[in-house]
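**Q** Just passing along the structure, written as structure tokens.
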Amino acid sequence: MVADYSAFVNMERGGWSDTARASGYVELFASASDQAINSLLDAAGAKLNCKALDLCCGQGNVSEALLSRGCEVIGIDFSPAMLAFARRRAPKAAFIEGDAQDLPFDNAEFDIVVSNLGVCHVPDQPRTLVEARRVLRAGGKFAMTVWCGPDTSPCFAAVYGAIKTHGHPDVSAPLGPDFHQFSRRDVAEKLLSDAGFSNIDVTTVDCVWDLDAPEDLFEIYAKGTVRAATLLNSQPPQNFAAIRSALASSVRAQFSNGNRWRVPVPAALVRATA
Numbered sequence: 005m006v007a008d009y010s011a012f013v014n015m016e017r018g019g020w021s022d023t024a025r026a027s028g029y030v031e032l033f034a035s036a037s038d039q040a041i042n043s044l045l046d047a048a049g050a051k052l053n054c055k056a057l058d059l060c061c062g063q064g065n066v067s068e069a070l071l072s073r074g075c076e077v078i079g080i081d082f083s084p085a086m087l088a089f090a091r092r093r094a095p096k097a098a099f100i101e102g103d104a105q106d107l108p109f110d111n112a113e114f115d116i117v118v119s120n121l122g123v124c125h126v127p128d129q130p131r132t133l134v135e136a137r138r139v140l141r142a143g144g145k146f147a148m149t150v151w152c153g154p155d156t157s158p159c160f161a162a163v164y165g166a167i168k169t170h171g172h173p174d175v176s177a178p179l180g181p182d183f184h185q186f187s188r189r190d191v192a193e194k195l196l197s198d199a200g201f202s203n204i205d206v207t208t209v210d211c212v213w214d215l216d217a218p219e220d221l222f223e224i225y226a227k228g229t230v231r232a233a234t235l236l237n238s239q240p241p242q243n244f245a246a247i248r249s250a251l252a253s254s255v256r257a258q259f260s261n262g263n264r265w266r267v268p269v270p271a272a273l274v275r276a277t278a
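Residues 5 to 278 (the working numbering) are what the sequence shown spells out, left to right.
Here you go:
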């Protein structure tokens, strides 16, 4: 049985449907997520004449890259604000507002299904995997990315550390699925195997924030996310300021690179065969 993630669903759908929040992601956050795209498409074997589904397609950066490889592309996302960006960015792709947990496609319709840092925003992720498997032809390829957790990600260690140390104890985000669960090989293998996939592998893609100033990392998470931003923006003013200051100090101390700051934010790349 899936836990009650109704508050999480409302937060995600409301947040990502907000034009300002979607713009914040595109302008601030996407520079890191873009860095995983080539590895993602290589893992899926994206090539000329593949019929590709861009699952949880967001602003269309992956759809654009699929088109550049000669694929026929359909993207699906629940956010109309993100889809507006996608349609402008990749006008030769077809985009559908819809639910990754209940895909409006026939069985075995696609050669490849890819999702770049999108499945973590879906409440019933096992169901989403079953749907991805259903719409893939036999032998088709699935590939997805997810951010690594604070045990292996210097970025998330710094962000979560500042919130844990300086956040108000009564402030929390709505209950949702584990944001980083697919970055753990044993969990990814079980979830994908249960969904009917085989040949499952998990590797790491090196992504990085290249920042003008130490304070920029806080701005990325406060203005370019939904889940983290909800946690940050719900803080009392003194806690909000303390988190911001602590995170800037952490970036300044750990990630100096000349007159810039480079913060590693690795992504896990999961691949499998239908």
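By construction, the Cβ of each residue, glycine as well, lies at the ideal position given by its N, Cα and C atoms.
Using the Cα positions of Cys211 and Gln39, report the straight-line distance between them to the nearest angstrom.
**A** In the sequence shown, counting from the first residue as 1, residue 211 sits at position 207. In the sequence shown, counting from the first residue as 1, residue 39 sits at position 35. Approximately 6 Å between the Cα atoms of the pair.
**Q** Mind checking who Lys55 pairs with in its DSSP beta bridge?
**A** The count along the sequence shown starts at 1 and reaches residue 55 at position 51. Lys55 pairs with Glu76.
**Q** Go ahead and pull the three-state DSSP assignment for Phe201.
**A** By 1-based counting over the sequence shown, the position of residue 201 is 197. Correct three-state label for Phe201: coil.
**Q** Check Ser157 in the structure and name its three-state DSSP category.
**A** In the sequence shown, the residue the question calls residue 157 occupies position 153. Coil.
**Q** For Glu101, tell me which candidate among Gly74, Arg17, Cys124 and Leu133 has the shortest Cα-Cα distance.
**A** Within the sequence shown, the letter at position 97 stands for residue 101. Among Gly74, Arg17, Cys124 and Leu133, the Cα nearest to that of Glu101 is on Arg17.
**Q** Buried or exposed, going by whether 16 or more other CB atoms sit within 10 Å of the CB of Leu52?
**A** For the purposes of this step, residue 52 is taken as the residue at position 48 of the sequence shown. With fewer than 16 Cβ atoms within 10 Å of its Cβ, Leu52 is classed as exposed.
**Q** Which complete beta strand (DSSP E) runs does the region 9-62 hold, if anything under 3 residues is left out?
**A** 55-59
**Q** Which residue comes first and which comes last in the alpha helix (DSSP H) that contains Pro84?
**A** Stepping through the sequence shown from its first residue, residue 84 is reached at position 80. Start and end: Pro84 to Arg93.
**Q** Below 7 Å between beta carbons: does that hold for Gly180 and Phe33?
**A** Taking the sequence shown and counting its residues from 1, the one referred to as residue 180 is at position 176. Taking the sequence shown and counting its residues from 1, the one referred to as residue 33 is at position 29. No, they are not a contact pair.
**Q** In terms of alpha-carbon separation, which member of Leu221, Gln239, Arg248 and Tyr225 lies closest to Ser260?
**A** Translated into positions along the sequence shown, residue 260 becomes position 256. Measuring from the Cα of Ser260, the nearest candidate turns out to be Leu221.
**Q** First and last residue of the alpha helix (DSSP H) that includes Thr234?
**A** Looking up residue 234 in the sequence shown gives position 230. It spans Arg231 to Asn237 - the alpha helix (DSSP H) in which Thr234 sits, taken as one unbroken run.
**Q** What's the C-alpha gap between Asn237 and Lys168?
**A** The residue you call residue 237 lines up with position 233 of the sequence shown. The residue you call residue 168 lines up with position 164 of the sequence shown. Between Asn237 and Lys168, the C-alpha separation is close to 15 Å.
**Q** Grab me the residues of Ala104's own chain with a C-beta within less than 6 Å of its C-beta, minus the 5 sequence neighbours each way, in chain order.
**A** Here the question's residue 104 lines up with position 100 in the sequence shown. Correct list, in chain order: Leu59, Cys60, Val126 and Thr132.
**Q** Please work out which residues of its chain come closer than 6 Å, Cβ to Cβ, to Leu121, disregarding the five sequence neighbours upstream and downstream, and give them in chain order.
**A** One-based indexing of the sequence shown puts residue 121 at position 117. The answer, listed in chain order, is Ser37 and Thr149.
**Q** Starting from Arg138, trace the alpha helix (DSSP H) both ways and give me its first and last residue.
**A** One-based indexing of the sequence shown puts residue 138 at position 134. It spans Gln129 to Val139 - the alpha helix (DSSP H) in which Arg138 sits, taken as one unbroken run.
**Q** Could you spell out where the beta strand (DSSP E) holding Val117 opens and where it closes?
**A** Mapped onto the sequence shown, residue 117 falls at position 113. Unbroken beta strand (DSSP E) run through Val117: Phe114 to Asn120.
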